[in-house]
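One structure is given below, encoded as structure tokens.
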Ligand SMILES: Cc1ncc(COP(=O)(O)O)c(C=O)c1O
């Protein structure tokens, strides 16, 4: 098959997928055993002729969750930016690896421009950064740098003796604990600082924990503040946390994987005030910005530290060109796909202003969803949302059962949060195509399922 044939088939299949998504936004729920019995997925000695393979792909996609559809509220991303999708298709066809200028060429320059623009939005003028395959790995890379900066010799000689601690809030993302385990700092040495009712880190408690640790000879490695928590979309008080970090000379990271995009809205940017005081910041464009997975960045206030802690000399790869144009020296990865082009193309198309509009519209929708809940005697709002996550219950009905039944009956996909010992349905308003009519459908389905469960 030629590449032209391949592109023609891909276009036909992708168009079918998008049409199907519009006609049937959710597929019928199937158990894995059922699917395994129905789909022939075995790899074997004989190749499959192209028409049969196309049928297999078509069948597979019919059975795949349609996460870009209007009925998907289950994760912190939703929808699909058409311009970013176009650029992503070109990226796949071009297939440039992004370790060197020699192999990435103009794409490396695109990546630099995107990182420069994002760093300046975060208040890290003149800093640097890297792309990574997700917020979890961006957070991991931040912890690598923070650890090596805190513990001299750790990169060359290992950790040695001593007890180390990092700090995040009880609402912080689990990737931080995983990173502590991966980096030999110990998962149990991640201090989970209490939060206020709205899920924001208590900076007084943070200071207390650090002072207790210091007096016991424990060495703080990093404070992670979260800008946009996974469950509540809460923003930690960055200026207060920065004060504690600077007083004790501790690396401050902002996990803005979710909330980083709010920097683009002049109206809501104040939620991230103080992020410019941090040392590093994770920002995922595959969440609120609607860029297809994966598209995450780690931004550094001071340039040079990623290279200092991640660089390896490899004469077979880094040949010629200034390392400034060889992003591979500032990366966790060797071969790395180009995640920058889709973000760059979407950003060129929408501009900062287009994104500000999108974010303001989503905030307004989230507030409207919260108002609907407050006005409805059958619904109970956890609290008015700080950003795009609205947690609520249907009185007298289990949130987890509602979510499970919504999925089983092919109505919509939504998850639940665990807050103050109870489950709460978590509506996430991140899909750029969501509107009031979409909220009508959402609440209609939730209430219909709750009524059926109650009956
Ligand atoms: C606050 C926060 N940090 C990090 C992550 C991890 O991001 P990713 O899924 O891109 O690895 C998430 C994911 O939802 C998140 O909500």
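Numbering (our numbering), first residue to last: 577 to 1031. Note that the Cβ used here is the ideal one computed from N, Cα and C, for glycine as well.
Within 10 angstroms of the Cβ of residue 671, are there 16 or more other Cβ atoms? Answer buried if so, exposed if not.
The sequence position of residue 671 within the chain shown is 95, counting from 1. With a threshold of 16 other beta carbon atoms within 10 Å, residue 671 falls short and is exposed.
If you draw a straight line from the alpha carbon of residue 834 to that of residue 860, how long is it in whole angstroms?
By one-based count along the chain shown, residue 834 stands at place 258. By one-based count along the chain shown, residue 860 stands at place 284. As the crow flies, the alpha-carbon of residue 834 is around 6 Å from that of residue 860.
Selection from 624, 645, 593 and 664 that minimises the alpha carbon distance to residue 871:
Taking the first residue of the chain shown as position 1, residue 871 is located at position 295. With respect to the C-alpha of residue 871, the residue from 624, 645, 593 and 664 having the closest C-alpha is 664.
How is the alpha helix (DSSP H) around residue 669 delimited, first residue to last?
Looking up residue 669 in the chain shown gives position 93. Run containing residue 669: 658-670, per the alpha helix (DSSP H) assignment.
Taking the C-alpha atoms as reference points, what is the distance between residue 1032 and residue 763?
Only positions 577 to 1031 of the chain appear in the structure, and residue 1032 is not among them; the question remains open.
Measure the C-alpha to C-alpha separation of residue 731 and residue 625 and round it to an integer number of angstroms.
Reading the chain shown from its first residue, position 155 is the one you call residue 731. Reading the chain shown from its first residue, position 49 is the one you call residue 625. So the two alpha carbons sit approximately 51 Å from each other.
What's the gap between the Cα of residue 919 and the Cα of residue 912?
As a first step, residue 919 must be located in the chain shown, where it is residue number 343. As a first step, residue 912 must be located in the chain shown, where it is residue number 336. Near 16 Å, if we compare the C-alpha coordinates of residue 912 and residue 919.
In the DSSP assignment, what residue or residues form a beta bridge with residue 795?
Numbered from 1 along the chain shown, position 219 holds the residue referred to as residue 795. Beta-bridge partners of residue 795 (DSSP): 740.
Over what stretch of residues does the alpha helix (DSSP H) that includes residue 768 continue unbroken?
What you label residue 768 is simply residue 192 of the chain shown in a count that begins at 1. No alpha helix (DSSP H) contains residue 768, which is instead part of the beta strand (DSSP E) from 766-769.
As an exercise, report each continuous alpha helix (DSSP H) stretch of at least 4 residues that is fully enclosed by the segment 962-1001, in chain order.
Correct list: 975-984.
So residue 876 and residue 705 are supposed to be a Cβ contact under 8 Å. How far apart are they, rounded?
Mapped onto the chain shown, residue 876 falls at position 300. Mapped onto the chain shown, residue 705 falls at position 129. The Cβ separation is near 6 Å, so the contact holds.
Kindly indicate which residue of 1006, 1001, 1009 and 1013 has the alpha-carbon position closest to the one of residue 1022.
Taking the chain shown and counting its residues from 1, one reaches residue 1022 at position 446. Checked all of 1006, 1001, 1009 and 1013; the closest Cα to residue 1022 is 1001.
Alpha helix (DSSP H) segments (min. 4 residues) lying fully within the segment 889-946:
Taking only runs of at least 4 residues, no alpha helix (DSSP H) segment lies wholly in the segment 889-946.
Start and end residues, beta strand (DSSP E) containing residue 886
Position 310 of the chain shown, counted from the start, is the residue given in the question as residue 886. Residue range 881-886 is occupied by the alpha helix (DSSP H) that includes residue 886, with no beta strand (DSSP E) assigned at that position.
Determine the contact status of residue 863 and residue 837, defining contact as a CB-CB distance below 8 Å.
Within the chain shown, the letter at position 287 stands for residue 863. Within the chain shown, the letter at position 261 stands for residue 837. Going by C-beta atoms, residue 863 is nearer than 8 Å to residue 837.
Taking only the alpha-carbon atoms, compute the straight-line gap between residue 674 and residue 759 and give it to the nearest angstrom.
As a working note, residue 674 is residue 98 in the chain shown. As a working note, residue 759 is residue 183 in the chain shown. The alpha-carbon atoms of residue 674 and residue 759 are separated by roughly 25 Å.
Have a look at residue 884 and residue 654 and give me their C-alpha separation to the nearest angstrom.
For the purposes of this step, residue 884 is identified with residue 308 of the chain shown, where counting begins at 1. For the purposes of this step, residue 654 is identified with residue 78 of the chain shown, where counting begins at 1. Cα to Cα, residue 884 sits roughly 36 Å from residue 654.
Would you mind giving the Cβ-Cβ distance between residue 769 and residue 746, rounded to the nearest angstrom? I have them listed as a contact below 8 Å.
Counting from one through the chain shown, the residue named residue 769 turns up at place 193. Counting from one through the chain shown, the residue named residue 746 turns up at place 170. Cβ atoms of residue 769 and residue 746 come within 8 Å of each other, at about 7 Å.
Taking C-alpha atoms, which residue in 818, 649, 699 and 629 lies nearest to residue 1019?
For this step, residue 1019 is matched to residue 443 along the chain shown. Cα-wise, what sits closest to residue 1019 is 649.
Verify whether the separation of the beta carbon atoms of residue 783 and residue 765 is less than 8 Å.
Residue 783 sits at position 207 when you count from the first residue of the chain shown. Residue 765 sits at position 189 when you count from the first residue of the chain shown. The answer is no: Cβ separation not under 8 Å.
Residue 752 to residue 785 span [Cα, whole Å]:
As a position in the chain shown, residue 752 is number 176, starting the count at 1. As a position in the chain shown, residue 785 is number 209, starting the count at 1. Their backbone Cα atoms lie some 18 Å apart in a straight line.
Output needed for residue 882: all residues of its chain with C-beta closer than 7 Å, excluding positions within five of it in sequence on either side, in chain order.
Reading the chain shown from its first residue, position 306 is the one you call residue 882. Cβ within range, chain order: 704, 706, 721, 876 and 906.
Residue range of the alpha helix (DSSP H) that includes residue 820
The count along the chain shown starts at 1 and reaches residue 820 at position 244. Looking at the DSSP string, the run of the alpha helix (DSSP H) that includes residue 820 is 814-824.
Beta-carbon proximity list for residue 666, same chain, < 8 Å, skipping 5 on both sides
Looking up residue 666 in the chain shown gives position 90. If we look at residue 666 and ignore the five residues flanking it on each side, its Cβ neighbours are 917.
Mind checking whether residue 965 and residue 793 have CB atoms under 8 Å apart?
Along the chain shown, one-based indexing puts residue 965 at 389. Along the chain shown, one-based indexing puts residue 793 at 217. Contact flag unset, no.
Counted within 10 angstroms of its Cβ, other Cβ atoms place residue 812 as buried (16 or more) or exposed
Here residue 812 corresponds to residue number 236 of the chain shown, with the count starting at 1. It is buried - the Cβ of residue 812 has at least 16 other Cβ atoms within 10 Å.
Does ligand 1 have a heavy atom nearer than 7 Å to the CB of residue 726?
Taking the first residue of the chain shown as 1, we reach residue 726 at position 150. It does not: the Cβ of residue 726 is nowhere closer than 7 Å to a heavy atom of ligand 1.
Anticipated Cβ contact below 8 Å, residue 945 with residue 908, distance rounded
Mapped onto the chain shown, residue 945 falls at position 369. Mapped onto the chain shown, residue 908 falls at position 332. Incorrect: roughly 37 Å between the Cβ atoms, too far for contact.
Spatial neighbours of residue 693 in its chain, beta-carbon cut-off 8 Å, leaving aside the 5 residues before and after:
Here the question's residue 693 lines up with position 117 in the chain shown. Result list for residue 693: 923, in chain order.
Would you give the residue range spanned by the beta strand (DSSP E) that residue 960 belongs to?
Residue mapping note: residue 960 aligns to position 384 of the chain shown, counting from 1. It is not in any beta strand (DSSP E) - residue 960 carries neither H nor E in the DSSP assignment.
Taking one C-beta from the segment 584-598 and one from the segment 614-624 each time, how about it: are there three or more such pairs within less than 8 Å?
No: fewer than three Cβ pairs fall under 8 Å.
Beta carbon of residue 934, beta carbon of residue 1008: below 8 Å?
Taking the chain shown and counting its residues from 1, the one referred to as residue 934 is at position 358. Taking the chain shown and counting its residues from 1, the one referred to as residue 1008 is at position 432. Yes; because the gap between Cβ atoms is below 8 Å, this pair is in contact.
With 16 other Cβ atoms within 10 Å as the buried cut-off, status of residue 850
By 1-based counting over the chain shown, the position of residue 850 is 274. So residue 850 counts as buried.
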